[in-house]
Amino acid sequence: GRLVSLALVDAAGTSLETVTGHPFSAQQVMEHSVRQSDGTYKLVTYQKATIYRDSQGRSRTDTFLTPKSSDPEDTPPSFIEIIDPVAGLQYILRPLTLTVGRTAWRPTQDEPRGDDTAVARPGEKIEDLGVKELEDLAVHGTKYTITVPIGNTNVTTSSEEWASAELKIFVLEKSSDPRYGDSVVRLTNISQADPDPSLFQVGEEYSAH
Numbered sequence: 004g005r006l007v008s009l010a011l012v013d014a015a016g017t018s019l020e021t022v023t024g025h026p027f028s029a030q031q032v033m034e035h036s037v038r039q040s041d042g043t044y045k046l047v048t049y050q051k052a053t054i055y056r057d058s059q060g061r062s063r064t065d066t067f068l069t070p071k072s073s074d075p076e077d078t079p080p081s082f083i084e085i086i087d088p089v090a091g092l093q094y095i096l097r098p099l100t101l102t103v104g105r106t107a108w109r110p111t112q113d114e115p116r117g118d119d120t121a122v123a124r125p126g127e128k129i130e131d132l133g134v135k136e137l138e139d140l141a142v143h144g145t146k147y148t149i150t151v152p153i154g155n156t157n158v159t160t161s162s163e164e165w166a167s168a169e170l171k172i173f174v175l176e177k178s179s180d181p182r183y184g185d186s187v188v189r190l191t192n193i194s195q196a197d198p199d200p201s202l203f204q205v206g207e208e209y210s211a212h
């Protein structure tokens with residue numbers, strides 16, 4: 004599926020450009036319906052994350068890979084990404100080893116998709132799904148459908164993007180591929196309060212690796 008964000012927040016929660024003045028925090032869940040040998044589908048949660056962005060455009064994503072229902076609530080994330088566009092730095096923290104990596108960071112200049120300027124790729128159909136409310140936010144939906152030849156048959160895949168113009172984030176992304184199943188990335192518990200500034204600082208307990 005497409006599941007590629009457009010200058011908003013991508014499927015991993017990472018801010019692709021500096022968005023200031025629109026703080027938020029949210030829980031993100033990624034799920035995939037895996038096709039079984041008997042033709043049925045099994046819903047699997049393969050990633051959870053907590054996403055933060057402050058008024059200065061700094062972002063933080065706490066990612067939990069392959070979470071289990073038996074995991075206690077205080078289970079540390081697999082890794083934490085902090086992007087500080089003010090300082091021009093990106094940090095990757097690993098809570099299990101208390102190590103941190105630091106690199107320079109600059110925003111991407113990719114053109115957004117999912118609006119009236121979207122241009123279809125060869126064989127692709129773009130459908131405007133209008134505006135609806137999700138998580139108390141007005142979101143605009145766009146559906147992309149494309150048919151490609153696979154062997155002696157044609158396979159049609161589709162994806163949907165529901166974006167908040169106010170916060171510049173995707174609230175819901177869906178993709179469907181008859182070969183592999185359906186994937187969903189959704190944000191819940193969205194708050195527009197400015198997150199605690201300490202969330203965007205690297206703790207003294209972390210050492211460089």
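Under the numbering used here, the letters of the sequence shown match residues 4 to 212, in that order.
For each residue, glycine too, the CB sits at the ideal point set by N, CA and C.
Since the model is a prediction, treat every value here as computed from it, not as a measurement.
- Taken in chain order, the unbroken stretches of beta strand (DSSP E) that lie wholly in the stretch 69 to 109 and span 3 residues or more are 82 to 87, 92 to 97 and 102 to 107.
- Judged by beta-carbon spacing, residue 97 lies beyond the 9 Å limit of residue 202, meaning their Cβ atoms are not closer than that value.
- Residue pairing by DSSP puts residue 143 in a beta bridge opposite 134 and 166.
- Residue state for residue 58 is assigned as coil, using DSSP reduced to three classes.
- For residue 200, the secondary structure class from DSSP, reduced to helix, strand or coil, is helix.
- Contact between residue 166 and residue 142 holds: CB atoms are separated by about 6 Å, below the 8 Å threshold.
- Going by C-alpha positions, residue 29 is about 17 Å away from residue 77.
- Excluding sequence positions up to five before and after residue 170, its CB lies within less than 6 Å of the CB of 25 and 27, all in the same chain and listed in chain order.
- In the three-state scheme derived from DSSP, where H, G and I count as helix and E and B as strand, residue 208 is classed as coil.
- Around the Cβ of residue 147, a 10 Å sphere holds 16 or more other Cβ atoms; the residue is buried.
- Only residues of its own chain outside the window of five on either side were considered, and among them 101 have a CB closer than 7 Å to the CB of residue 208, listed in chain order.
- Comparing C-alpha distances from residue 190 to each of 21, 38, 211 and 34 shows the shortest one belongs to 34.
- Under DSSP, residue 157 forms a beta bridge with 152.
- The continuous beta strand (DSSP E) containing residue 191 extends over residues 184 to 194.
- The beta carbon of residue 126 sits closer than 7 Å to the beta carbons of 149, 150 and 151 from its chain, once the five residues preceding and following it are set aside; these are given in chain order.
- Pairing residue 60 with residue 23 gives a Cβ-Cβ distance under 9 Å.
- Per DSSP, residue 124 is not a residue of any beta strand (DSSP E), being assigned neither H nor E.
- In the structure shown, the three-state DSSP call for residue 65 is strand.
- Annotated as distal: residue 38 and residue 154, with beta-carbon spacing of 9 Å or more.
- Checking the DSSP bridge columns, you'll see residue 44 partnered with 38.
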